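Number of protein chains: 2
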Amino acid sequence: MRKTFLFLDTIINKVDAKGRVSLPSDYRAIVKELGSEIVCYRSLTAPCIEGCLEDSLEKLATDIENSTDFFSETQDDLTNLIFGDAKRFTFDSTGRIMLTEKLLQYAQIKESAVFVGKGRKFQIWSAENWVKEEQRLREKVKQNRPTLKPEGEN
Amino acid sequence: MRKTFLFLDTIINKVDAKGRVSLPSDYRAIVKELGSEIVCYRSLTAPCIEGCLEDSLEKLATDIENSTDFFSETQDDLTNLIFGDAKRFTFDSTGRIMLTEKLLQYAQIKESAVFVGKGRKFQIWSAENWVKEEQRLREKVKQNRPTLKPEGEN
DNA sequence: TGGTATAACATGGTATTTTATGGGAATCAA
DNA sequence: TTGATTCCCATAAAATACCATGTTATACCA
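The listed protein sequences correspond, in order, to chains A and B.
So in our numbering, spot 19 of the first sequence is number 30, and the numbers just go up one at a time.
So in our numbering, spot 54 of the second sequence is number 65, and the numbers just go up one at a time.
Now the structure itself:
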C-alpha cells in the first residue's frame, strides 16, 4: 500500500427510501485515488457497520497467511466471520452507495447514517447509537487519560 | 518524517462570520514545505482546539496498526475517539481555513482565535480562555520550578 | 539611522464549484 | 409484470477558490 490515507471526521448523511446514502466526499476521494473499493460488514464488537478498503482486507488475509500463530483458532473464526460477511460497495455518479437491509438492520439505521472515521477503516452508526457510544468513549478517556496520548510520540 | 519543524509563537487572528481564520503564515509554510495537511480535533484535556500535521496522525495510525491486531478492542476505542473527531483542513489562496461549528463551540471561540505553538502540534484558544490558561501555567511554574527539567518535556 | 519603497499578510466580500439529496427513467431479474 | 437496482437529471445548500483593500512588516537606500 504505497499511498497513505486516513478515514477521518464524523459525518451525518441521510438514508433515503431506497436505502441510498452519500459516502462522505473525503472517503470517496480516497477510494478514487487508491483505485480501490469500499467493503462493508457487520462489526463484530458493536452495533454498527464497519467499512474499509478492499486493500485492507487483502492485507488482513496476507497477515493471517503469514501468521506464526498457525493454530490460532479464534483469529481463524473471526476472519471467517468477516470475509463471509463482507460485501463490496461501489458508489454511483453522485457518490452514493446502497446499503443492504441486513447491514442497516444490524446497525439499527433508519433515516440517518453517521460515518465515523477510524483511520484505516470507518464505521457507520445510527444517530442514536452513536451518541451513546461517543459518550461512553469520552467517559472512558476521562478516567483513563494515560493510555490516550497520541501527542506524545514523534 | 525527514524535515524538522516546530509550531511556535502565539498569534491572534479574527474569525469571520463564516468561521474563517487565517492560519499563521509560519504554520502555512510548514504545511507547504512538508507537503502535508493540517488536521484539527477537540483537545481531550482542555477547552481548546488542537491541531497537527496529517503526517503525525498517519504515524499514529501505522503504529496502532502494527502494535495491535485487527480485532483489538483498544485499537477500536482509541481510533474512534481520535480519528472520528479529527478533520482535515486545507487553506485557500489567502491562507484561511474554515473551522467547524463543533470545534468553535467546544473551544468557546467567537471573534478571535489564539494560535499557540506547541512544537509538533499547536492549539487554538478563545482569547478569554487563553488568558486564564497562560496565567495558570505561569502560576504553576512558579510554584513548581524543580519539575522543569529535561525529563518532563512535552 | 531614518525614511521610503516593497512585499507579505490579514480580512471583507463575491463568484464558482462541489456536495448532498430528491425524483424519474431505464435496466435487470424473479 | 413487479420489484428492485442502476443511471441520469435537477436543485438547494454548503464549501471552496478568487478578487480587492487596508495594514503591517520587511527590505532597501540615502
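The C-beta atom is built at its ideal place from N, Cα and C for all residues, glycine as well.
On a predicted model such as this, the values are computed, not experimentally measured, just so you know.
Check, Outcome
"Taking A:R131 as the query, report the chain B residues whose CB atoms sit under 7 Å from its CB, ordered along the chain.", "A72, E76"
"Taking B:V50 as the reference, which of B:A57, B:P58, B:L64, B:C59 has the closest Cα?", "B:L64"
"In whole angstroms, give me the CA-to-CA distance for B:I108 and A:G130.", "22 Å"
"Does A:L64 come out as helix, strand or coil in the three-state DSSP assignment?", "strand"
"Within 10 Å of its beta-carbon, does A:S104 have 16 or more other beta-carbons around it, so buried, or fewer, so exposed?", "exposed"
"What residues from chain B crowd round A:D37, counting only those whose CB sits closer than 8 Å?", "R99"
"Alpha carbon to alpha carbon, how far is A:I23 from A:I60?", "14 Å"
"So with CB distances below 7 Å, who are the chain B contacts of A:V127?", "N91, G95"
"Express the C-alpha separation of A:L115 and B:R31 in angstroms, rounding to a whole number.", "37 Å"
"Helix, strand or coil, according to DSSP, for B:K121 in the structure here?", "coil"
"Give me the chain B residues within the contact set of A:T21, using Cβ-Cβ distance strictly less than 9 Å, ordered along the chain.", "G95, D96, K98, K113"
"Tell me the start and end of each unbroken beta strand (DSSP E) in the segment 75-154 of chain B that is at least 3 residues and wholly inside, in chain order.", "98-100, 107-109, 123-128, 132-137"
"Judging by CA-CA distance, which residue of B:P58, B:T56, B:G62, B:S54 is the nearest neighbour of B:R39?", "B:G62"
"B:F126: beta carbon under 7 Å from a heavy atom of the ligand GDP?", "In the structure shown, the ligand GDP is absent, as is every other ligand, since no ligand is present at all."
"Go through its chain and collect everything with a Cβ distance to A:R99's Cβ below 6 Å, but skip five positions before and after it.", "E48, V50"
"Check whether the Cβ atoms of B:T21 and B:V125 lie closer than 8 Å to each other.", "yes"
"Does B:D27 get closer than 8 Å to chain A when you measure Cβ to Cβ?", "no"
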